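Residue numbers (our numbering): 17 to 316. To start, the structure itself, in structure tokens.
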Ligand SMILES: Nc1nc2c(c(=O)[nH]1)N[C@@H](CN(C=O)c1ccc(C(=O)N[C@@H](CCC(=O)O)C(=O)O)cc1)CN2
């Protein structure tokens, strides 16, 4: 079997054009221009690329984009003061602080400072709880992107056995909640799981979010399974020249594609969905802040 490639880049483009339509409607019918503030601390090159893409795509769908670039040695107190100003700014409907933040800053304090009504990453305890009990609000971006791709590929997820590899707050745990809400049977595996290969072999759906290049082997994949690879790992690529690198996922793509019915590539799979879902969440928070029902095609 050679798997169908799930094209996250194309899906994200289509999602962004639907988001642009919702922005138009909010402007025309309610006089609301959604605004997203993105905060970056320091000069991590990958974070800078992600933040620039976020700001660019925010403007492209017609929203207001506010980018705050802070020096790596900014104090925690000054960062929190900026967040409080953004919380109070009525033009801002979404606030995102790019992770990771430098070591002298406590990420939990940063997250707790964000008004849950504007928490487009869905990192605050209030919004994590809302996802758990199914209340309206933003949904963690990467898991929401994975869910949209899975529903598009498989239709109903009901009764399917999903194995998530990784238990992070960013991906593994919210992914578990979303798949449970869609009536999957969910197993969350992690670095201490015994017999991981045997567990993955039982999965109809594999979500790999472990952060280890090509850890999931082809013979772990049940024939016909759907594989969602969340990993983005940069590895040496001597075949491209000295000092060159390439991106790989957490799954051994070529081998897994021989077994799976469908698989996301890296790059071009889940990654582009993360930013598109951030924009979707900004529509959700802008709607809720203004007492409107968020569009149901943008959420879980
Ligand atoms: N506050 C947040 N911080 C971080 C998040 C997040 O959701 N919120 N996620 C990641 C980084 N991230 C978004 O911020 C992100 C990662 C990757 C991609 C992406 O499109 N990747 C491309 C490849 C890009 C490349 O060439 O390097 C792909 O997979 O095709 C988008 C967003 C950590 N921090």
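Ideal Cβ placement from N, Cα and C applies to all residues, glycine included. On a predicted model such as this, the values are computed, not experimentally measured, just so you know.
Sequence-distant residues of its chain with Cβ nearer than 7 angstroms to residue i (five each side left out)
i, result
"residue 107", "51, 80"
"residue 217", "236, 238"
"residue 251", "229, 261, 262, 264"
"residue 71", "54, 81, 83"
"residue 273", "18, 19, 279"
"residue 189", "183"
Distance CB(residue i)-CB(residue j) smaller than 7 angstroms
i, j, result
"residue 19", "residue 278", "yes"
"residue 290", "residue 140", "no"
"residue 319", "residue 292", "No statement about residue 319 is possible, as the shown extent of the chain runs from 17 to 316 and does not include it."
"residue 275", "residue 237", "yes"
"residue 180", "residue 191", "yes"
"residue 24", "residue 285", "yes"
"residue 67", "residue 56", "yes"
"residue 225", "residue 267", "no"
"residue 84", "residue 302", "no"
"residue 131", "residue 143", "no"
"residue 244", "residue 203", "no"
"residue 271", "residue 234", "yes"
"residue 212", "residue 219", "no"
"residue 88", "residue 61", "no"
"residue 169", "residue 305", "no"
"residue 129", "residue 90", "no"
"residue 246", "residue 187", "yes"
Reduced DSSP category for residue i - H, G, I as helix; E, B as strand; rest coil
i, result
"residue 177", "strand"
"residue 88", "coil"
"residue 215", "helix"
"residue 233", "coil"
"residue 74", "helix"
"residue 250", "strand"
"residue 110", "strand"
"residue 140", "coil"
"residue 272", "helix"
"residue 65", "helix"
"residue 126", "helix"
"residue 155", "coil"
"residue 267", "strand"
"residue 315", "coil"
"residue 239", "coil"
"residue 283", "coil"
"residue 172", "coil"
"residue 150", "coil"
"residue 299", "helix"
"residue 206", "coil"
Same chain, Cβ closer than 8 angstroms to residue i, five either side skipped, listed in chain order
i, result
"residue 173", "166, 167, 195, 198, 199, 200, 221"
"residue 69", "291"
"residue 39", "49, 50, 77, 78, 79, 299"
"residue 36", "76, 77, 78"
"residue 248", "263, 265, 282, 283, 287"
"residue 253", "260, 261, 262"
Residue i - partner residues in DSSP beta bridges
i, result
"residue 81", "52"
"residue 310", "In the DSSP output, where bridge partners are listed per residue, residue 310 has none listed."
"residue 189", "Answer is none; residue 189 lacks a bridge partner."
"residue 201", "177"
"residue 20", "278"
"residue 135", "111"
"residue 224", "181, 245"
"residue 261", "252"
"residue 57", "86"
Close-in-space but distant-in-sequence residues of the same chain around residue i (CB under 6 angstroms, 5 per side omitted)
i, result
"residue 146", "153"
"residue 74", "52, 81"
"residue 138", "154, 155, 156"
"residue 113", "55, 126"
"residue 297", "136, 154"
"residue 46", "none"
"residue 103", "131"
"residue 311", "38"
Self-check item: Sufficient close CB pairs (3 or more, under 8 angstroms) joining the segment 125-132 to the segment 94-111
Solution: Taking 8 angstroms as the limit for Cβ pairs, the verdict is that the segment 94-111 does touch the segment 125-132.
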